[in-house]
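**Student:** Start counting the sequence shown at 202; every next residue gets the next number (this note's numbering).
No residue lacks a Cβ here, since even glycine has one placed at the ideal position from N, Cα and C.
Mind looking over this structure? Questions follow.
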Amino acid sequence: MAAQRTRHTMRGIAEYTAHMSTRESPPAAEPSLVHEAPPSTDQLGVAAGVFQLLSDATRLHLLWVLAQHDADVGQLTQACGASRTAVSQHLAKLRLAGLVEARKQARHSVYRLRDGHLRRLVLEALNHADHTVTGEPPHA
Numbered sequence: 202m203a204a205q206r207t208r209h210t211m212r213g214i215a216e217y218t219a220h221m222s223t224r225e226s227p228p229a230a231e232p233s234l235v236h237e238a239p240p241s242t243d244q245l246g247v248a249a250g251v252f253q254l255l256s257d258a259t260r261l262h263l264l265w266v267l268a269q270h271d272a273d274v275g276q277l278t279q280a281c282g283a284s285r286t287a288v289s290q291h292l293a294k295l296r297l298a299g300l301v302e303a304r305k306q307a308r309h310s311v312y313r314l315r316d317g318h319l320r321r322l323v324l325e326a327l328n329h330a331d332h333t334v335t336g337e338p339p340h341a
């Protein structure tokens, strides 16, 4: 049941991401953390699915590494200390959900985060965790 729900969530994230990527982009501006309009049911579902995927410490670690630089499976395995099989399985889920993408480079697949929103989300989550762990007061 949980596996079916995860597949459904990842498919929904991938479909919404594909839909959003076909829309015409607004003029380039500073990225905003303000979401003025109330979120739609679809947007809430996709956001919840992203948080569901981020709820695994290994996947979050992989995304943190990819927020720093593109990497192949070997580099990601070494960086996060998980088995190569586990890293490959996590990357498959993240790819299916459209959060990471891969390109072939020689005989390797090199992975990268799909967009800056995810990079900022991962880094903000870890900054929040840093404040919690160190006891440093949160920012206003």
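Are three or more beta carbon pairs between the segment 309 to 319 and the segment 266 to 274 nearer than 8 Å?
**Tutor:** yes
**Student:** Have a look at G275, S284 and A298 and flag the residue whose alpha-carbon is nearest the alpha-carbon of R308.
**Tutor:** G275
**Student:** Please state if the CB of T259 and the CB of A283 are separated by a distance shorter than 8 Å.
**Tutor:** Yes, the Cβ-Cβ distance between A283 and T259 is below 8 Å.
**Student:** If I follow the unbroken beta strand (DSSP E) through E302, where does it start and stop?
**Tutor:** V301 to Q306
**Student:** Using three-state DSSP, classify S241 as helix, strand or coil.
**Tutor:** Correct three-state label for S241: coil.
**Student:** Roughly how many angstroms lie between the CA atoms of V301 and L295, to the nearest whole one?
**Tutor:** 6 Å
**Student:** Can you tell me the Cα-Cα spacing of A248 and Q306, whole angstroms?
**Tutor:** If I take the Cα positions, the gap works out to 31 Å.
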